Amino acid sequence: MSNPLDQFTPLLDAEWMAATLQRYLPECLAGDWQVTGCEIQHPRYKTYRLAENRERSFLSLVYHLQGRKLPSSIADQRILYARAYLGQRSHQAFAEAQASGKKAIHLAELGMVGWRFPDDPAMPWLAELMDSRRIPELGQQTVSSIEIVNYRPEIRCTARYRFAAENTEPERVVYGKTYADERGKTVHDQLSILQKQFQSNLGFVMPKALAYDLEHRTVWLEGLQGQMLTELDFATTLAENIPALVNALAVFHQLTPPSLPAITLPQHLLEWCKKAEKLSNAYPAIQPVLSVLLSELQQNRPEVDMLGLIHGDFHIDQLLVLPNGRLALFDYDELALGDPLQDLANFAADLYNYPYPVATIDQLVRQLFTAYSAAKQGQADPQRFAWHLRGQLLTRAYRTFIQQKSAAEQRIADFIALALRPWPLAG
Numbered sequence: 015m016s017n018p019l020d021q022f023t024p025l026l027d028a029e030w031m032a033a034t035l036q037r038y039l040p041e042c043l044a045g046d047w048q049v050t051g052c053e054i055q056h057p058r059y060k061t062y063r064l065a066e067n068r069e070r071s072f073l074s075l076v077y078h079l080q081g082r083k084l085p086s087s088i089a090d091q092r093i094l095y096a097r098a099y100l101g102q103r104s105h106q107a108f109a110e111a112q113a114s115g116k117k118a119i120h121l122a123e124l125g126m127v128g129w130r131f132p133d134d135p136a137m138p139w140l141a142e143l144m145d146s147r148r149i150p151e152l153g154q155q156t157v158s159s160i161e162i163v164n165y166r167p168e169i170r171c172t173a174r175y176r177f178a179a180e181n182t183e184p185e186r187v188v189y190g191k192t193y194a195d196e197r198g199k200t201v202h203d204q205l206s207i208l209q210k211q212f213q214s215n216l217g218f219v220m221p222k223a224l225a226y227d228l229e230h231r232t233v234w235l236e237g238l239q240g241q242m243l244t245e246l247d248f249a250t251t252l253a254e255n256i257p258a259l260v261n262a263l264a265v266f267h268q269l270t271p272p273s274l275p276a277i278t279l280p281q282h283l284l285e286w287c288k289k290a291e292k293l294s295n296a297y298p299a300i301q302p303v304l305s306v307l308l309s310e311l312q313q314n315r316p317e318v319d320m321l322g323l324i325h326g327d328f329h330i331d332q333l334l335v336l337p338n339g340r341l342a343l344f345d346y347d348e349l350a351l352g353d354p355l356q357d358l359a360n361f362a363a364d365l366y367n368y369p370y371p372v373a374t375i376d377q378l379v380r381q382l383f384t385a386y387s388a389a390k391q392g393q394a395d396p397q398r399f400a401w402h403l404r405g406q407l408l409t410r411a412y413r414t415f416i417q418q419k420s421a422a423e424q425r426i427a428d429f430i431a432l433a434l435r436p437w438p439l440a441g
């Protein structure tokens, strides 16, 4: 069959989708609402390695729509989660959604099944979380606003609840993070265990775990005030914060972990092989360099004497600079036992996503490793770090593919080229 991406590509054009959804959304056809703008978040392309299964490929994504209510012309924002299928498969998917009682809409002309937020096929309680009067964990203080921070359909949703100052109560922010499964209970319990351990001023500040709501599968976290590290002058601010960052990371890695799943190096290698195979199927031209990269990763796989606590998703977007200069660390969903250098390599690989010269990022990566090695009294193995860094760059190439970012094929080739460079990086 032809490349499925040919059919899905128009659905990733925000301007085209704004005009197209105006023509097909039921509320627009009824004259109740008008689309004025569109932003696309979290596209994920699900593909299959076997050729006979390629027709099952689908694209899921979130459309953040700007619009206005009619006839009042009051500005209004809405979120639409959609899944796009090949051929006529959307008809079957819509029938299945209807049969299960899920509040779906069918945009047959686009091959799409959609859900209007807060309707979510895996989190039917989301609507209740958008009504603060129905959330006893928030107490008696009046909620002044509820803002969606991050919505990953059928996985999780993070909302920010703002409280205006009242009488003796100061202004306050609380985050509610709800999950499609029971992961929130695990996150709450693990974070509570880590917070009870002694932390020096060198360690990360962690958001306080307030409660876990079993009915809504939501962990409640106290908000922290500060600036995201990415909102500041990137290269300069990160360079200035590298000593504090690596010292805090070294302290974090020394904490006594709760009961956690282990992530071994052979497991990493297996996942990277699967990602490389899917990339090769989608872009045959890069298959030779992918083979070279996989061969090097297999031949140079290091050994780890002891696994320790790792964050599992450590990158610059997870860091907040507090008014006192300390760094706060968020998002503890991926805590695991693993090689601590995985966290450092994950952070380093993510820096190459930013629009700075490669030489600038190379310098920051060298500084990160040198400082972390010093914080660990020289116990950080540079070749093991390089192995993780190469694998993490392959992971960034794969994410570019499944998220179908602009100029995807060239960006994927660039990530693979970065992964094939020798370590230490040339100065």
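Counting in my numbering, the sequence shown runs from 15 upward without gaps.
The C-beta atom is built at its ideal place from N, Cα and C for all residues, glycine as well.
Bear in mind that the values here come from a model prediction, so they are computed numbers and not experimental data.
Can you tell me the Cβ-Cβ gap for residue i and residue j, rounded? I've got them flagged as a contact below 8 Å.
i    : j    : result
I277 : Q381 : Not quite, the Cβ-Cβ distance comes to about 26 Å (not below 8 Å), so this is no contact.
I300 : L311 : That belief does not hold up - the Cβ atoms of I300 and L311 are roughly 16 Å apart, past 8 Å.
L279 : V318 : 6 Å
D90  : R82  : 6 Å
W401 : N314 : 6 Å
Would you identify the three-state DSSP class for residue i, choosing helix, strand or coil?
i    : result
D395 : coil
S146 : helix
K191 : strand
E53  : strand
F234 : In the sequence as presented, Phe is not what sits at residue 234; that position holds Trp. The answer is strand: DSSP assigns W234 an E or B state.
G153 : coil
H202 : helix
M220 : coil
Y10  : A query on residue 10 cannot be resolved here, the shown segment of the chain reaching from 15 to 441 and no further.
V471 : Within the shown structure, residues of the chain are numbered from 15 to 441, placing residue 471 beyond reach of any answer.
Y38  : helix
D331 : helix
E29  : helix
T172 : strand
V241 : First, the amino acid is wrong: residue 241 is Gln here, not Val. If DSSP states are grouped into helix, strand and coil, Q241 belongs with the strands.
By alpha-carbon positions, which one of the options ends up nearest to residue i?
i    : options                   : result
M126 : A98, K116, A111 and A223  : A98
H78  : N164, E69, S71 and G45    : N164
K390 : Q268, S420 and T200       : Q268
L349 : L336, R435, H202 and A433 : H202
E323 : D353, R404 and A427       : In the sequence under discussion, the amino acid at residue 323 is Leu, which differs from the Glu named in the question. Of D353, R404 and A427, the residue nearest in Cα terms is D353.
G217 : Q204, L263 and A173       : L263
A427 : S114, T409 and V219       : T409
E245 : S114, L259, D331 and P302 : D331
I93  : Q55, A433, A253 and S309  : Q55
L3   : I149, Y346, S206 and M242 : Residue 3 cannot be examined here, being either before or after the span of the chain that is shown, 15 to 441.
E291 : L19, H282, S305 and L279  : S305
Y366 : V379, Q356 and Q301       : V379
P57  : F72, G45 and Q48          : F72
A33  : F22, Q80, R70 and L355    : Q80
T156 : S86, A394 and V188        : V188
L341 : A359, D247, L252 and L205 : L252
T200 : R174, R130 and L274       : L274
When burial is assigned at 16 or more other CB atoms within 10 Å of the CB, is residue i buried or exposed?
i    : result
V372 : exposed
V233 : buried
M31  : buried
R37  : exposed
K191 : buried
G392 : exposed
M220 : buried
M137 : buried
T172 : buried
P396 : exposed
I149 : buried
D134 : buried
P24  : exposed
A122 : exposed
Q204 : buried
T414 : buried
L343 : buried
task: Entirely within the segment 85-122 and at least 3 residues each: give me those beta strand (DSSP E) ranges in chain order.
output: List check, beta strand (DSSP E) in window: 89-99 and 119-121.
- prompt: Of all the alpha helix (DSSP H) runs that stay within the bounds of the segment 248-297, which reach a length of 4 or more residues?
  reply: 248-268 and 279-296, all fully within the segment 248-297.
- prompt: Quick one: complete alpha helix (DSSP H) runs, 4+ long, within the segment 350-436?
  reply: DSSP assignment within the segment 350-436 yields the following whole alpha helix (DSSP H) runs of 4 residues or more, N-terminal first: 355-365, 372-389, 396-416 and 422-433.
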